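Peer 1: Add 394 to a position in the sequence shown, counting from 1, and you land on the number used in my numbering. C-beta atoms are modelled at their ideal positions from N, C-alpha and C, and glycine is treated no differently. The model shown is predicted, which means the values in this text are computed figures rather than measured ones.
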Amino acid sequence: MSTPAPETRKKIRLGDLLVENGIISKHQLDQALATQKQTGNKLGRTLIELGFIDEESMLQLLSRQLAIPLVDLRHYRFDRELILRLPETAARRFRCIPLAEQGDGYLVGMADPTDIFAFDEVNRLLGRPVYAAVVRESDLLRTFDSVYRRTEEISDLAEELGQELAESDFDAAQLAAGDEVTDAPVVKLLQSLFEDAVQVSASDIHIEPDENALRIRQRIDGVLQEQVMKEKRIANAVVLRLKLMAGLNISEKRLPQDGRFNIKVKGRNIDVRLSTMPIQHGESVVMRLLDQSTGMLELEHLGMPRELMKCLRRVLRHPSGMVLVTGPTGSGKTTTLYAALQELNIPDRKIITVEDPVEYRLPRINQVQVNARIGLEFATVLRAALRQDPDVVLVGEMRDRETAEIGLRAAMTGHLVLSTLHTNDAIATADRLLDMGAQGFLLASSLRAVIAQRLVRRVCESCTEPHTPDAQQASWIVSVAGESADLSRLQRGRGCTHCNNTGYRGRIGVYEYLEPDEAMLSALRRSHMDDFARAAHANRFYRPLMNVALEYALAGVTSLDEAQRLAGEVEGRDLNGGGH
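1. Just the C-alpha distance for E799 and G887, rounded to the nearest angstrom, thanks.
2. Go to K420, then tell me how far its alpha helix (DSSP H) extends in each direction, as first and last residue.
3. To the nearest angstrom, how far is the alpha carbon of Y898 from that of E414?
4. Quick one: grab the DSSP three-state call for H922.
5. How do the segment 731 to 750 and the segment 769 to 787 stand: do at least 3 beta-carbon pairs fall below 8 Å, yes or no?
6. What does T814 pair with, by DSSP beta-bridge criteria?
7. Please list the terminal residues of the continuous beta strand (DSSP E) segment that includes G887.
8. Considering only residues of the same chain and omitting the five flanking positions on each side of V904, which have a CB-CB separation below 8 Å?
9. To the nearest angstrom, how far is the alpha carbon of G972 from that of T774?
10. Report yes or no: do the segment 754 to 765 and the segment 708 to 724 share at least 3 C-beta pairs separated by less than 8 Å?
11. Report the residue ranges of all alpha helix (DSSP H) runs contained in full by the segment 848 to 900; include only those spanning at least 4 residues, in chain order.
12. State yes or no: is the C-beta of L908 within less than 8 Å of the C-beta of V844?
13. Return helix, strand or coil for Q619, following the three-state DSSP convention.
14. Rounded to whole angstroms, how far is the Cβ of Q867 from the Cβ of S953, which I believe are closer than 8 Å?
15. Within the continuous beta strand (DSSP E) that includes D685, where are the two ends?
16. Considering I740, what are the terminal residues of the alpha helix (DSSP H) in which it resides?
17. Excluding sequence positions up to five away, which residues of its chain have a Cβ less than 7 Å from the Cβ of K744?
18. Please report how far the alpha carbon of A917 lies from the alpha carbon of M792, in whole angstroms.
19. Taking 8 Å as the limit between beta carbons, can you name the residues of its chain near G572, skipping five residues before and five after?
20. Mapping DSSP to helix, strand and coil, what is M452?
21. How many whole angstroms separate the CB atoms of A526 and I462, which I take to be in contact at a CB cut-off of 8 Å?
22. Taking contact to mean at least 3 C-beta pairs separated by less than 8 Å, is the segment 825 to 844 in contact with the segment 918 to 937?
23. Determine the burial state of D448: buried for a count of at least 16 other Cβ atoms within 10 Å of its Cβ, exposed for fewer.
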């Protein structure tokens, strides 16, 4: 199905079309037009935001009335070479994207196919007739971020910087000059690098000089994706600029340094935590990106099962006790704790946190960053915090016996204490605390709940396909879920433009919840971990991490490979021949 060529295309007014078809009233249209004048938004977006029409109904109507296809971009396989024929600035401005070559022209997805000006401009830019399809604007904006990557731009800027450094002496003073060098290739390079990272929701950027190249790697959905540049000379210039931004000592290259800075990227405030380390071919830099613009996640948005969330909320209502969140680095422990703090953060409750470092700044909460260099350790701050009459105390991590003991005693004497621990699962948490020197009776009196968690990658919904497990995988499923496990909904991703050919897009939390019952508490008082583990497995509410991950795989949310990778991490062995 196609639209007429541009020269015969008639102007259609969206508002009149909706009124004629009885979808909105004339009064609603007038109200939307008045609101549109104030906001400057498109009429369609204004009508949706006012609640006069839902996006799906509007798109279906446009598709019927204009006799053009309605394309679901979430499941569309793009030709990136074709997309790049339309510049990104034009695509974002006119809210459209080339989808396919069609006859003598292009099929172009448009958020508003009634916009004749956009239609004509895109036709002019592509140089061939345009045939419109209607697409959801929200899907279109997400698609821009995944297909208009800045990898080529980064490579070009790296090459430009390499040539500039080859032609002249490297002037550190010029790089330090700030606003005067906004056109310098090194600044443009970093700007593109941060923009690309924010577009794809990267959590970390790694800059690693090698013998003959510079590697830039971004951690996306927990997995590093690499871009290699041959311009090795630029490494020093990039690292120097970043050190200046973080206020570090630019002359010190032999010792690791840590710093942080804020940067505005695409209208979002990004807090960058930077760490440098001397390596064989220069200095390695790792930057953790924290988006302060998105606000803190609430418990409802963590992806926790409803029953688990109800249990956690009940525990958080207790005035005292200890709640622990466990898992390796990058498993989302801090996010869960901050979501719990959001729940607890009310005017009549005093909350103090002891962190290293403070990741997100929260109103009304007294946040303290430890500083070992001046003796401000976790235990020292925790003791001082307890003299500040808190109701809730968050300790960034139970790192040693002293901190654990103070935290447990605080939990026993009328404070709610939240903290994290690096253990494989919830059952191992009690064992770890006993190993650290905590007394069993203290643990039994204080421990309210333990949440062990991991993050697994979601199968990309744009390229998902059914997956039939091999004999080894099928055997593993039976060993975990039993003979009755339904394998019909197993999915995996083929790899597409949306997911950068990984087969995955986004992540979901996998949670194991343990709330000690009387049998477990009795074992803790005796410091008998075998009895504790048996009592935990006998508890009808306890479900191990690997069982939860397998349930997600059997439901088609994640892949079997991801579930096996998680199980291998928990059990300390490789279940799928390597994994990620």
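Peer 2: A quick look at the data gives this:
1. For the purposes of this step, residue 799 is taken as the residue at position 405 of the sequence shown. For the purposes of this step, residue 887 is taken as the residue at position 493 of the sequence shown. Approximately 47 Å between the Cα atoms of the pair.
2. For this step, residue 420 is matched to residue 26 along the sequence shown. For K420, the enclosing alpha helix (DSSP H) covers residues K420 to T433.
3. The residue given as residue 898 occupies position 504 in the sequence shown. The residue given as residue 414 occupies position 20 in the sequence shown. A straight-line Cα-Cα distance of about 43 Å links Y898 and E414.
4. Locating residue 922 in the sequence shown gives position 528, counting from the first residue. Note: H922 maps to coil in three-state DSSP.
5. These segments touch.
6. In the sequence shown, counting from the first residue as 1, residue 814 sits at position 420. Looking at the DSSP assignment, T814 forms a beta bridge with V719.
7. Here residue 887 corresponds to residue number 493 of the sequence shown, with the count starting at 1. Its beta strand (DSSP E) spans residues Q885 to G887.
8. To locate residue 904, count along the sequence shown from 1; it is residue 510. Within the same chain, V904 has close Cβ partners Q847, R848, L849, V850, L939, V942, A943, Y946 and L960.
9. Against the sequence shown, residue 972 aligns to sequence position 578. Against the sequence shown, residue 774 aligns to sequence position 380. Interpretation of G972 is limited by its pLDDT of 42, a score under 50 that renders its predicted location unreliable; no figure is taken from the coordinates.
10. Using a Cβ-Cβ distance cut-off of 8 Å, the segment 754 to 765 and the segment 708 to 724 are not in contact, since fewer than three pairs of beta carbons, one from each stretch, lie closer than that value.
11. Runs found: 865 to 875.
12. Taking the first residue of the sequence shown as 1, we reach residue 908 at position 514. Taking the first residue of the sequence shown as 1, we reach residue 844 at position 450. Note that the C-beta distance between L908 and V844 is below 8 Å.
13. Translated into positions along the sequence shown, residue 619 becomes position 225. Strand, per DSSP.
14. Residue 867 sits at position 473 when you count from the first residue of the sequence shown. Residue 953 sits at position 559 when you count from the first residue of the sequence shown. Cβ atoms of Q867 and S953 stay farther apart than 8 Å, at about 11 Å.
15. Locating residue 685 in the sequence shown gives position 291, counting from the first residue. Going by DSSP, D685 is part of the beta strand (DSSP E) stretching over G676 to D685.
16. Taking the sequence shown and counting its residues from 1, one reaches residue 740 at position 346. Per DSSP, I740 lies in no alpha helix (DSSP H) and is assigned neither H nor E.
17. Walking along the sequence shown from the start, residue 744 turns up at place 350. Counting only Cβ-Cβ distances below 7 Å, and skipping sequence neighbours, we find D783, P784 and D785.
18. On the sequence shown, position 523 is the one that residue 917 refers to. On the sequence shown, position 398 is the one that residue 792 refers to. For A917 and M792, the distance between alpha carbons rounds to 22 Å.
19. Taking the first residue of the sequence shown as position 1, residue 572 is located at position 178. Here G572 scores only 46 on pLDDT, less than 50, and its place in the model should not be relied on; the value that follows carries that caveat. Sequence-distant Cβ neighbours of G572 in its own chain, meaning closer than 8 Å and more than five residues away, do not exist here.
20. Counting from one through the sequence shown, the residue named residue 452 turns up at place 58. The answer is helix: DSSP assigns M452 an H, G or I state.
21. As a position in the sequence shown, residue 526 is number 132, starting the count at 1. As a position in the sequence shown, residue 462 is number 68, starting the count at 1. The Cβ separation is near 5 Å, so the contact holds.
22. Inter-segment contact for the segment 825 to 844 and the segment 918 to 937 is present: three or more beta-carbon pairs are separated by less than 8 Å.
23. Within the sequence shown, residue 448 is the residue found at index 54, counting from 1. Burial is judged here by how many other beta carbons sit within 10 angstroms of a residue's own beta carbon; D448 has fewer than 16 and is exposed.
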